[in-house]
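Student: Numbering (the numbering used here), first residue to last: 281 to 869. Beta carbons are placed, not taken as given, at the ideal position from N, Cα and C, and that holds for glycine. Handing you this structure, nothing more for now.
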């Protein structure tokens, strides 16, 4: 028969088609194309379809979408089922828009999905028995625009396509079965279809089958199988597969670790629009590795992910803006980013946004939204939210200030939140929203101090100095102040200096006092600046430096410390600048 076809190919369009098909199977597409053209020009639908495929794929002929679509459309119009199925897919992906004229696709904008014609061709192909057409029709009925949706019918077509072994149908039917996996047999069927679709090379199925194996969902956990699935999906251009394959290489999850190649795949996924991958690349640069962190590079990747509403990346970028790492310090931009993360349900970002609002950043709408988050969560029993809501009431954030209600919520939160113990203790001591009760307030503040809260340690130490709410205990007060000072509390630094400076029930040590005054002064504490100026002017710690004393006293006065005026007036007049220069030169000689 093959010999007869070869001899008659020059005469019979049907024989030309048969010979062309044989040549294509043998790998000679270029040689087969003239024979296909002859059969197609004779109006044989299969030949028209194959010619269209050649133009679309650039097989044996330069690629031309317009020519490809034109020939596929001719075959579809004549009822060739495979052509109808392919044409439905082209319409769905907006790839049938380059045909010319005012016909079926002449007025369709290039790149826009044409659901109306996709559904029409898919239905013809599906009813003609095409498993591919059934899968496309199932997709349109399940996921297309509202006007086309019919979930029950979509399920039927997906099932028919899956039973015929079409990988797209198997994937779609697996997603239908995933709606309810309470029955073991349903889960088993779901996994079978998903596995078979993956084995046939469908990229999305490979990615999902990888997830199933990585997490052990209905199958034994197997990270090696998962990594291999991710690799195959990544090579096929699936961005989720690229992200998971990159992460697997980064962490050595089911594959030998290769951080450099892993980052490369994550970058590909991120550039393709995968927000999680962009966030991971940002993390890589923020944390550093063999090289120091690159916060500017991290910020650019976090920005890409945050723009896609990735709440973790938005929070990470907000932290960079708060600290000025890699980006200019900008509290308002940090508030905007925290809003993205908080809107996504991140409780830490909600609290951080609330703290920024307390410091005057953000806007009124942020205040209202933040208060609403805290109020709703507090009402459901969340103690941290109860504390934050109490602070909103106490400070008037997003709601009218109400000390009485604030005290109630803070008392509720104090049973489990250290910060609430401190705040409620303060309200008791100050009589805000409750009857003044320094004794009980001191007990709550002590609880917070025992848990290591710096502000509570400082307030408790101050109460121990004065005896408010209990007995005086200067030695313990000094211990608490010192603990807070060593952890960076500027007020505690000044207090340690003041206590060692004399007048308290602890040994006086002015050298130590001057050290702590200087430490606090350098951090902008005005009282410490004034005291350091006095120590240096009067040689109270064994070191006299009039000019340095003058500078510190002037800085204290600039911050409103009027008492520094008398100290400045008591200093010897400053030598003219020229005289100081001469004196310096003489000293140098």
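1. DSSP three-state call for residue 497: helix, strand or coil?
2. Do residue 524 and residue 490 come within 8 Å of each other at the CB atom, strictly closer than that value?
3. Taking the alpha carbon of residue 729 as the point to measure from, which residue in 711, 700, 710 has its own alpha carbon closest?
4. Contact defined as beta carbons within less than 8 Å: I believe residue 347 pairs with residue 335. What is the distance between those atoms, to the nearest angstrom?
5. Count the other C-beta atoms from every protein chain shown that fall within 10 angstroms of the C-beta of residue 681, then say buried if there are 16 or more, exposed otherwise.
6. Can you check the stretch 669-754 for any alpha helix (DSSP H) of at least 4 residues that lies completely inside it and give the ranges in chain order?
7. Looking only at its own chain, which residues have a Cβ that is under 6 Å from the Cβ of residue 816, when we skip the five neighbours before and after it?
8. Assuming residue 438 contacts residue 424 (C-beta within less than 8 Å), just tell me the rounded distance between them.
9. Within 10 angstroms of its Cβ, does residue 549 collect 16 or more other Cβ (buried), or is it exposed?
10. Out of 463, 472, 722, which has the shortest C-alpha to C-alpha gap to residue 747?
11. Using a Cβ-Cβ cutoff of less than 6 Å, which residues in the same chain neighbour residue 507 once the five nearest sequence positions on both sides are dropped?
12. Between 697, 557, 649, which has its C-alpha nearest residue 514's C-alpha?
13. Can residue 441 and residue 434 be called in contact, C-beta distance under 8 Å?
14. Applying the 10 Å Cβ sphere with the 16-neighbour rule, what's the burial state of residue 696?
15. Report the rounded CA-to-CA distance for residue 310 versus residue 343, giving the unit in angstroms.
16. For residue 388 and residue 353, I'd like the C-alpha separation in whole angstroms.
17. In the DSSP assignment, the alpha helix (DSSP H) including residue 807 goes from what residue to what residue?
18. Leaving out five residues before and five after residue 576 in sequence, what residues of the same chain have Cβ atoms less than 8 Å from its Cβ?
19. Relative to the C-alpha of residue 517, which residue among 622, 482, 501 is closest?
20. Please tell me whether residue 768 and residue 793 are closer than 8 Å, where the distance is taken between their beta carbons.
21. Secondary structure at residue 590, three-state DSSP: helix, strand or coil?
22. For residue 504, I'd like the list of residues in its chain whose CB is within less than 7 Å of its CB, leaving aside the five on either flank, ordered along the chain.
23. Among 471, 480, 714, which has the Cα closest to the Cα of residue 493?
24. Can you give me the Cβ contacts of residue 554 inside the same chain, cut-off strictly under 6 Å, excluding the 5 residues immediately before and after it?
25. Given a threshold of 16 other Cβ atoms within 10 Å of its Cβ, counted over all protein chains shown, does residue 559 qualify as buried or as exposed?
26. From this set, 368, 426, 500, which residue's C-alpha is nearest residue 405's C-alpha?
27. Secondary structure at residue 623, three-state DSSP: helix, strand or coil?
28. Indicate whether residue 667 and residue 687 have their beta-carbon atoms separated by less than 8 Å.
29. Quick check on the burial criterion: 16 or more other C-beta atoms within 10 angstroms. Buried or exposed for residue 641?
30. Shorter than 8 Å from the beta carbon of residue 473 to some beta carbon of chain B?
31. Hey, quick one: how far does the alpha helix (DSSP H) through residue 331 stretch, first residue to last?
32. Please classify residue 381 as buried or exposed, where buried requires at least 16 neighbouring CB atoms within 10 angstroms.
33. Of the choices 614, 593, 594, whose alpha-carbon is the least far from that of residue 603?
34. If I'm right that residue 707 touches residue 714 with Cβ under 8 Å, what's the distance once you round it to whole angstroms?
35. Within its chain, find whatever has a CB closer than 7 Å to the CB of residue 753; leave out the 5 residues flanking it on each side and keep chain order.
Tutor: By the coordinates alone:
1. In the chain shown, the residue the question calls residue 497 occupies position 217. Three-state result, residue 497: coil.
2. Counting from 1 along the chain shown, the entry for residue 490 is found at position 210. Counting from 1 along the chain shown, the entry for residue 524 is found at position 244. In this structure, residue 524 lies closer than 8 Å to residue 490 by Cβ.
3. Position 449 of the chain shown, counting from 1, holds the residue named residue 729. Cα-wise, what sits closest to residue 729 is 700.
4. The count along the chain shown starts at 1 and reaches residue 347 at position 67. The count along the chain shown starts at 1 and reaches residue 335 at position 55. Confirmed, about 4 Å.
5. By 1-based counting over the chain shown, the position of residue 681 is 401. Residue 681 should be labelled exposed.
6. 683-693, 698-710, 718-730, 734-746
7. Indexing the chain shown from 1 puts residue 816 at position 536. For residue 816, where only same-chain residues beyond five positions count, the Cβ hits under 6 Å are 825, 828, 829.
8. Counted from its first residue, the chain shown places residue 438 at position 158. Counted from its first residue, the chain shown places residue 424 at position 144. Their Cβ separation, rounded to whole angstroms, is 13 Å, which puts residue 438 and residue 424 out of contact at 8 Å.
9. Position 269 of the chain shown, counted from the first residue, corresponds to residue 549. Buried: at least 16 other Cβ atoms inside 10 Å.
10. Your numbering for residue 747 matches position 467 in the chain shown. Closest by alpha carbon: 722.
11. Residue mapping note: residue 507 aligns to position 227 of the chain shown, counting from 1. Contacts found: 528, 534, 535.
12. As a first step, residue 514 is located in the chain shown; it is residue number 234 there, counting from the start. Among 697, 557, 649, the Cα nearest to that of residue 514 is on 557.
13. Indexing the chain shown from 1 puts residue 441 at position 161. Indexing the chain shown from 1 puts residue 434 at position 154. Taking 8 Å as the Cβ cut-off, residue 441 and residue 434 do not qualify as a contacting pair.
14. Along the chain shown, read from residue 1 onward, the residue named residue 696 stands at position 416. Residue 696 should be labelled exposed.
15. Within the chain shown, the letter at position 30 stands for residue 310. Within the chain shown, the letter at position 63 stands for residue 343. Going by the C-alpha atoms only, they are around 13 Å apart.
16. Within the chain shown, numbered from 1, the residue matching residue 388 stands at position 108. Within the chain shown, numbered from 1, the residue matching residue 353 stands at position 73. At residue 388, the pLDDT of 39 sits below 50, so the modelled position is not reliable and the matter cannot be decided from this model.
17. Reading the chain shown from its first residue, position 527 is the one you call residue 807. Counting along the chain, the alpha helix (DSSP H) containing residue 807 begins and ends at 806-818.
18. Position 296 of the chain shown, counting from 1, holds the residue named residue 576. Cβ within range, chain order: 606, 607.
19. Residue mapping note: residue 517 aligns to position 237 of the chain shown, counting from 1. Here the closest residue by C-alpha is 482.
20. On the chain shown, position 488 is the one that residue 768 refers to. On the chain shown, position 513 is the one that residue 793 refers to. Not in contact: residue 768 and residue 793 (Cβ atoms no closer than 8 Å).
21. If you number the chain shown from 1, residue 590 lands on position 310. The answer is coil: DSSP assigns residue 590 none of H, G, I, E or B.
22. The sequence position of residue 504 within the chain shown is 224, counting from 1. Once the five neighbours on either side are set aside, the close Cβ partners of residue 504 are 534.
23. Residue numbering aside, residue 493 sits at position 213 when the chain shown is read from its first letter. For residue 493, the nearest C-alpha among the options comes from 471.
24. Residue numbering aside, residue 554 sits at position 274 when the chain shown is read from its first letter. Once the five neighbours on either side are set aside, the close Cβ partners of residue 554 are 519, 523.
25. Stepping through the chain shown from its first residue, residue 559 is reached at position 279. With 16 or more Cβ atoms within 10 Å of its Cβ, residue 559 is classed as buried.
26. Working through the chain shown from its first residue, we reach residue 405 at position 125. Closest by alpha carbon: 368.
27. Taking the first residue of the chain shown as 1, we reach residue 623 at position 343. Note: residue 623 maps to helix in three-state DSSP.
28. Mapped onto the chain shown, residue 667 falls at position 387. Mapped onto the chain shown, residue 687 falls at position 407. Their beta carbons are not under 8 Å apart, which means residue 667 does not touch residue 687 by this criterion.
29. Mapped onto the chain shown, residue 641 falls at position 361. Residue 641 is buried by the Cβ-count criterion.
30. Here chain B cannot be found, since the structure has a single protein chain.
31. The count along the chain shown starts at 1 and reaches residue 331 at position 51. Run containing residue 331: 325-337, per the alpha helix (DSSP H) assignment.
32. As a first step, residue 381 is located in the chain shown; it is residue number 101 there, counting from the start. Residue placement at residue 381 is poorly supported in this model, since its pLDDT is 34, which falls under 50; the coordinates still yield a value, given next. The residue is exposed, with fewer than 16 neighbouring Cβ atoms inside 10 Å.
33. Within the chain shown, residue 603 is the residue found at index 323, counting from 1. Answer by Cα proximity: 614.
34. Here residue 707 refers to the residue found at position 427 when the chain shown is read from its first residue. Here residue 714 refers to the residue found at position 434 when the chain shown is read from its first residue. With a Cβ gap of about 6 Å, residue 707 and residue 714 count as contacting.
35. Taking the chain shown and counting its residues from 1, the one referred to as residue 753 is at position 473. Counting only Cβ-Cβ distances below 7 Å, and skipping sequence neighbours, we find 744.
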